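2 protein chains.
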Amino acid sequence: MMKPILAVLACITVQGAVAQDSDSLTIRRLADEVLTNSAAYENLRVLTKQIGGRLAGSPQMVKAEKWGAEVLKAAGAEKVFTQECLVPHWVRGDKEQAKIVSRRRDLVPPLHVIALGNSVGTGAKGVTAPVLEVRSFDELEAKKDAVKGKIVFYNYPFNPTFVKTFHSYGDAVKYRSQGPSRASKYGAVAVIVRSMSHSTDNYPHTGSTRYNDSFPKIAAVAIGLQDAERLSRRIVNDPTMQVFLRTTCEMLPDTIGHNVIGELRGSEFPDEYITVGAHLDSWDNCEGAHDDGAGVVQSVEILRAYKSLGMRPKRTLRVVLFANEENGVRGGAKYAKLAKLNNERHLFALESDAGGFTPRGFIMDMKPEQRAKVKSWAPLMLPYGLYDFDEVGSGVDITPLGRAFGIPMAELSPDSQRYFDIHHAASDTFESVNKRELEMGAVGMGALIYLVDKYGL
Amino acid sequence: MMKPILAVLACITVQGAVAQDSDSLTIRRLADEVLTNSAAYENLRVLTKQIGGRLAGSPQMVKAEKWGAEVLKAAGAEKVFTQECLVPHWVRGDKEQAKIVSRRRDLVPPLHVIALGNSVGTGAKGVTAPVLEVRSFDELEAKKDAVKGKIVFYNYPFNPTFVKTFHSYGDAVKYRSQGPSRASKYGAVAVIVRSMSHSTDNYPHTGSTRYNDSFPKIAAVAIGLQDAERLSRRIVNDPTMQVFLRTTCEMLPDTIGHNVIGELRGSEFPDEYITVGAHLDSWDNCEGAHDDGAGVVQSVEILRAYKSLGMRPKRTLRVVLFANEENGVRGGAKYAKLAKLNNERHLFALESDAGGFTPRGFIMDMKPEQRAKVKSWAPLMLPYGLYDFDEVGSGVDITPLGRAFGIPMAELSPDSQRYFDIHHAASDTFESVNKRELEMGAVGMGALIYLVDKYGL
């Protein structure tokens, strides 16, 4: 996998020394503008501190949509509008309770858990049951006759040997998404899942679960990593223990949400769109700073920087703040649907949804010749720390558009080491975002947008 | 500057497919060992939380030396010994005081300042004087007739357009090192320097100043960035204001310090040394977590990983925890001196002293053909996020050795965005270090050490 990076890194398509110097200078101007005058960090402060967690259907989401339109106007967007869509309305209910119930009657601190997104509650009475710990689906299957009436505890840890933590996530997240239904199939009464994280703290990490309608829906929570270890040890040395779990979350009827969009009209091909965006919603248990406030303010910052420098893109630059990525992707779907309905012409879409950490490159979903073209620009982006252009992938919200139109897509790929420490947890706060790293991400995105806009893809 | 990176990145010296695969596997084993079983993070916890700030000459430094020997033994070093050296003994004295003195008699919060390392104090009475703000040495020279009897306030900000913050540091730090004497030349009574940082908080950042013996030594402090802005505004709108400054720091007679060293004997060339190290001392106003606790535990971790995997280097691997980098470099000088005295043969030296942040590459000081050889190994290190091998530089502590022997040197080059936020400030705490990033740095260092040891340089 590495040889292609290096081999193609070396294949610098000669654009002409003059063109390269001119691009280098323009990207330098963009970078200087962002690194000197960026509004991203302060915008993020407002979004996280004055609005905070903003799940689809919540009052904070309404505030965020209003704020989004304001910052896009303030950034200089010439046209600001919204797209309405139906969004799920899941509410967490009472603060989750989980505790070890033991004959020993010792003083045991409560377990730190959080209901999985879109899960059903235990109900007001809660549920008390013995716990069956498994470390894989294979182990679940092997022990399926022991599941009935129990709480299944999926204790599969993040694999530390994957360098990119997104690979550890991809390896483990099935326990969160499929775990409850797979346990319910054999009669489990509830599920506890080890949080998807490497973090050393005890914050539980939420995220959506996806029920299989063939089986009863059962309550499901994620548990903080320290408590996962504690529960695991307790199960071994206190075999008759049970866990009491109480969640009152529920799915209410769908409600209305909005994509919020700002545009800078293209000078040569105004009917051709370049989409750059992020999701405006966040989980409710945190400030949604990295996920995905960072992406939101970076996307807005690109428009602001262009406007501030008096630069006009050739294509129309569309900054899209998507609704409902965390538990529905209804915003992304609606964006693609309306684009098709309106016969729009789209060139490229770029998303930032992997945190405001120092950027290393882009994951991309595009034809080989398109990827080669992006890589030919590598020398222009390397000064800004961007060197990794080989992974395949894209942003969740832009994927419906990309699939509908068959266009190239990319997502900013920052360093991943800290992302899952804070992902979907109370630790995803404004303070966890570094101003310089946030700005460097915007610089990288701006460079790619500029080049795609100028040369096409 | 970028073309060489890419051009040489592409020049993969063919080592033979078998050798490359074998190296790839070995580095993978090292990485897996570090990412699964590392002792680095917990070692750092002890060093920072149980010992903390540990300036040369302090009781904490004595504790740190003892701890260093213990962790090296615990890591499996076959030989652990110390090298004695004279170190400066600078003490901070009373907590620094600085406040705005104004005829307005309004309630003004005190200014957050910290004495520069190796500076003289104002004395117990302190000094009260008007402030002359300058933004460059040129401005100082232009206003030299206005300096006498004043406190000179060097308010040169970190240049945000340098992508690598070490470049901003290099650009600004002269005001800290040369500023006091250059102001004293014209009769200044004390100096305030804007902290060397991009941080958004108000912690002042210390660091050594270097007096020019031709001029009187005057007291010198660094000021937090928020207070730098506040002071600057105040000077403009309150022209008769003065600043009261009180520091009681002083330089005492030299005392004894130690380099602490652990060795793993080489299997083929035991009389040839590869040095990997970091400085054990830190400034006293912080826990010295990134600077340089991270480097210390990473260096120890490499030895631990080798030992744990039953790997033996061909050359003798020497982990050196250097004394007194922050305000003297006496440890580094002594190490080189003893190496010469003992007619040692040295192959290579690697230092980690740029923080425990996610690694991007190595800065190096070596002949072009040696650099080319390192770059030929780039494909083996790229999976671990290491791609940048072009900058020229080296670690402060290993430089005396490198110069004395004319050998190649390198320093781990992590992402720099956050480094100066915490550098020499109270914010350099254990909590500011991320476990995964710390471990990835050790992985990168281990990979380079393994390759240099195997193939020579």
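From first to last, the protein sequence lines stand for chains W and B. Each residue of the first sequence is one higher than the one before, counting from 1 in full-length UniProt numbering. Each residue of the second sequence is one higher than the one before, counting from 1 in full-length UniProt numbering. Quick reminder that beta carbons are idealized off the backbone N, C-alpha and C, glycines included. Note that the structure is a prediction, hence the values are computed from the model and not measured.
Pull up the DSSP beta-bridge partners for residue i, would you.
| i | result |
| --- | --- |
| K79 (chain W) | W:E263 |
| Q97 (chain W) | W:R246 |
| residue 460 (chain B) | Given a span of 1 to 457 for chain B in the structure shown, any question on residue 460 (chain B) remains unanswerable. |
| V163 (chain B) | DSSP lists no partner for V163 (chain B). |
| T275 (chain B) | B:R318 and B:A349 |
| P414 (chain W) | W:P359 |
| V127 (chain W) | W:L245 |
| G117 (chain B) | B:S208 |
| W90 (chain B) | B:M251 |
| D365 (chain W) | W:M409 |
| E301 (chain B) | In the DSSP output, where bridge partners are listed per residue, E301 (chain B) has none listed. |
| V134 (chain W) | W:Y154 |
| G257 (chain B) | B:C85 |
| D388 (chain W) | W:G361 |
| V452 (chain B) | Bridge partners of V452 (chain B): none, in fact. |
| V221 (chain B) | B:A115 and B:I192 |
| F269 (chain W) | W:R315 |
From the beta carbon of residue i, is the nearest beta carbon of chain B less than 8 Å away?
| i | result |
| --- | --- |
| K435 (chain W) | yes |
| R330 (chain W) | no |
| Q15 (chain W) | With a pLDDT of 48 at Q15 (chain W), under the threshold of 50, the modelled position of this residue cannot be trusted; read the value that follows with caution. By this cut-off, Q15 (chain W) is not an interface position. |
| L457 (chain W) | no |
By a C-beta neighbour count over all protein chains shown, 10 Å radius and 16 as the cutoff for buried, is residue i buried or exposed?
| i | result |
| --- | --- |
| S168 (chain B) | buried |
| V14 (chain W) | At V14 (chain W), the pLDDT of 49 sits below 50, so the modelled position is not reliable; the number obtained from the coordinates is stated separately. So V14 (chain W) ends up on the exposed side. |
| M1 (chain W) | Because M1 (chain W) sits at a pLDDT of 48, beneath the cut-off of 50, its placement in the model cannot be relied upon, and the following sentence gives the value as read from the coordinates. Exposed is the call here. |
| P109 (chain B) | exposed |
| N212 (chain W) | exposed |
| E78 (chain B) | exposed |
| E42 (chain W) | exposed |
| E141 (chain W) | exposed |
| E411 (chain W) | buried |
| S416 (chain W) | buried |
| G149 (chain W) | exposed |
| F362 (chain W) | buried |
| A74 (chain W) | exposed |
| P59 (chain W) | exposed |
| D94 (chain B) | exposed |
| V300 (chain W) | buried |
| F348 (chain W) | buried |
| P204 (chain W) | buried |
| A19 (chain B) | exposed |
| F81 (chain B) | exposed |
| V392 (chain B) | exposed |
| A124 (chain B) | exposed |
| S413 (chain W) | buried |
| Q298 (chain B) | buried |
| S22 (chain W) | exposed |
If we cut at 8 Å on Cβ distances, does residue i have a partner in chain W?
| i | result |
| --- | --- |
| L35 (chain B) | yes |
| R418 (chain B) | yes |
| T200 (chain B) | yes |
For a contact defined as C-beta to C-beta under 9 Å, what are the partners of residue i on chain B?
| i | result |
| --- | --- |
| D32 (chain W) | P160 and T161 |
List, in order along the chain, the chain B residues whose C-beta lies closer than 7 Å to that of residue i?
| i | result |
| --- | --- |
| M440 (chain W) | Q417 |
Just the chain W side, please: which residues come within less than 8 Å of residue i by C-beta, in chain order?
| i | result |
| --- | --- |
| T48 (chain B) | Per Cβ cutoff of 8 Å: no residues; T48 (chain B) is ~14 Å from chain W at best. |
Report the residues of the segment 373-386 of chain W with a CB closer than 9 Å to any CB of chain B, ordered along the chain. A378, P379, L380, L382, P383, Y384 and G385
Going along the segment 403-433 of chain B in order, which residues come within less than 8 Å of chain W, judged by CB to CB distance? D415, Q417, R418 and D421
Looking at chain W, which residues of the segment 348-370 of chain B have a Cβ within less than 9 Å of any of its Cβ atoms? F357, T358 and R360
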